[in-house]
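To keep things clear, I will list the structure first and then write my remarks on it.
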Amino acid sequence: MLVTGKEILEHAHKHNYAVGAFNVNNMEIVQAIIEAAEETNSPVILQASQGGIKYAGIEYIAALGKVAARKAKVPVAIHLDHGTDFEQIMLCIRHGFTSVMIDGSKYELKKNIELTKKVIEVAHAVGVSVEAELGKIGGTEDDITVDEKDATFTDPDEAKLFVDGTGVDYLAIAVGTAHGVYKGEPKLDFDRIKILKDLLQIPLVLHGSSGVPADSIKKAVSLGINKINIDTDLRVAFTQAIKDFNKKDPDNIDPRKVLTPAKEAMKEVIKEKMALFGSAGRA
Ligand code: G3H
Ligand code: ZN
125 MLVTGKEILE
135 HAHKHNYAVG
145 AFNVNNMEIV
155 QAIIEAAEET
165 NSPVILQASQ
175 GGIKYAGIEY
185 IAALGKVAAR
195 KAKVPVAIHL
205 DHGTDFEQIM
215 LCIRHGFTSV
225 MIDGSKYELK
235 KNIELTKKVI
245 EVAHAVGVSV
255 EAELGKIGGT
265 EDDITVDEKD
275 ATFTDPDEAK
285 LFVDGTGVDY
295 LAIAVGTAHG
305 VYKGEPKLDF
315 DRIKILKDLL
325 QIPLVLHGSS
335 GVPADSIKKA
345 VSLGINKINI
355 DTDLRVAFTQ
365 AIKDFNKKDP
375 DNIDPRKVLT
385 PAKEAMKEVI
395 KEKMALFGSA
405 GRA
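Heads up: the sequence shown at position 140 corresponds to 264 in the numbering used here, and the numbers run straight through without jumps.
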């Protein structure tokens, strides 16, 4: 069933667990996520980045998400990941997304608040939930890159001003994770997560969550993270399975045969995440 992001995340916030938000670019990824969610009885968020929308086209991505959500036996939200462009966000709302992210993190606080408020005014008027970001998360997510030296953690005082001033539904915080493949082990600022949760009392979002050790994820969830974004881990599972298949059966030219193990590999990763995040059994 298709629901808003807020419905899913408010429940997670109240009951202290997290829901995976997995990036989608094509049908097989959508199917892997939905099958994993149904098999683990987990709510889930399908999210498309601006790059994903550029790749597949807004009509295809929206239609895939809506068909998947309507057929699914579990709650599903369709979310725009890292929206930086007002028109793009409006287009997603028009195409039936039930949640959007306005990423104004590259701007100074005042401009980020203004931009976020502008999106919220429209989104909330039509029942769409909104995520915003404060602090700068390092690494690369599609066409958005933040250099390691420019990454900054979320400041609690600014976050309080931001949430009170915008009425945002959930907030992405910068606490030591980064987008893409990690070079070393990421060190999360757990004290900061706790301080932010106590102060803000809304669902908190962890980006760049691929490659973060399971015990760190568990601790982050226990301290108040409710939405966990995963992209890179699915990319790795997908492409590795295709490489393995091609090695085993180099003459096979049937796309269905090539893509089925890729879908299965992603599904296994997603099911593990759902158990780890605590969303399994919560649908
Ligand atoms: O917004 C998407 C996520 O933050 C994905 O990050 O590719 O490191 O898993 P990741
Ligand atoms: Zn992200």
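Where a beta carbon is used, it is the ideal one built from N, C-alpha and C, also for glycine. In this text, all values refer to a predicted model and were calculated from it rather than measured experimentally.
First and last residue of the beta strand (DSSP E) that includes residue i?
| i | result |
| --- | --- |
| Asp-205 | 200-207 |
| Met-225 | 223-226 |
| Ala-296 | 294-297 |
| Val-360 | No beta strand (DSSP E) contains Val-360, which is instead part of the alpha helix (DSSP H) from 356-372. |
Decide if residue i is buried, meaning its Cβ has at least 16 other Cβ atoms within 10 Å, or exposed.
| i | result |
| --- | --- |
| Phe-401 | buried |
| Glu-265 | buried |
| Glu-152 | buried |
| Gly-189 | buried |
| Leu-330 | buried |
| Asp-355 | buried |
| Thr-290 | buried |
| Val-393 | buried |
| Thr-128 | buried |
| Ala-249 | exposed |
| Thr-363 | exposed |
| Thr-164 | buried |
| Thr-269 | exposed |
| Asp-227 | buried |
| Gly-300 | buried |
| Arg-194 | exposed |
| Phe-210 | exposed |
| Val-305 | exposed |
| Asp-205 | buried |
| Met-398 | buried |
| Pro-337 | exposed |
| Met-390 | buried |
Could you tell me which residues DSSP pairs with residue i in its beta bridges?
| i | result |
| --- | --- |
| Glu-211 | Answer by DSSP bridge pairing: none, since Glu-211 is not bridged. |
| His-303 | Gly-263 |
| Val-250 | Val-250 pairs with nothing; no bridge assigned. |
| Thr-276 | Lys-260 |
| Ile-352 | Gly-144, Leu-330 |
| Glu-255 | Met-225, Tyr-294 |
| Leu-285 | None; Leu-285 has no bridge partner. |
| Leu-126 | Val-200 |
Helix, strand or coil for residue i per DSSP?
| i | result |
| --- | --- |
| Glu-388 | helix |
| Gln-171 | strand |
| Val-270 | strand |
| Leu-312 | coil |
| Glu-232 | coil |
| Gly-405 | coil |
| Asp-322 | helix |
| Ile-244 | helix |
| Ile-377 | coil |
| Gly-176 | helix |
Would you mind reading off the limits of the alpha helix (DSSP H) that contains residue i?
| i | result |
| --- | --- |
| Tyr-184 | 182-195 |
| Gly-129 | 129-139 |
| Val-336 | Neither: Val-336 is in no alpha helix (DSSP H) and is coded neither H nor E. |
| Ile-153 | 151-164 |
*Could you tell me whether the stretch 215-224 touches the stretch 252-271, using the rule of 3 or more Cβ pairs below 8 angstroms?*
yes
_Contact between the stretch 315-324 and the stretch 364-383 is defined here as three or more beta-carbon pairs at a separation below 8 angstroms; is this criterion met?_
no
_Check whether the stretch 340-353 and the stretch 136-150 touch, using three or more Cβ-Cβ pairs below 8 angstroms as the test._
yes
*the stretch 177-191 contacting the stretch 231-251, beta-carbon criterion three pairs below 8 angstroms*: no
*Is it a yes or a no for the stretch 268-283 touching the stretch 210-221, going by three-plus beta-carbon pairs under 8 angstroms?*
These segments do not touch.
*Evaluate contact between the stretch 194-203 and the stretch 159-173, counting only Cβ atoms and requiring at least three cross-stretch pairs below 8 angstroms.*
Flag = yes, the stretch 194-203 and the stretch 159-173 touch.
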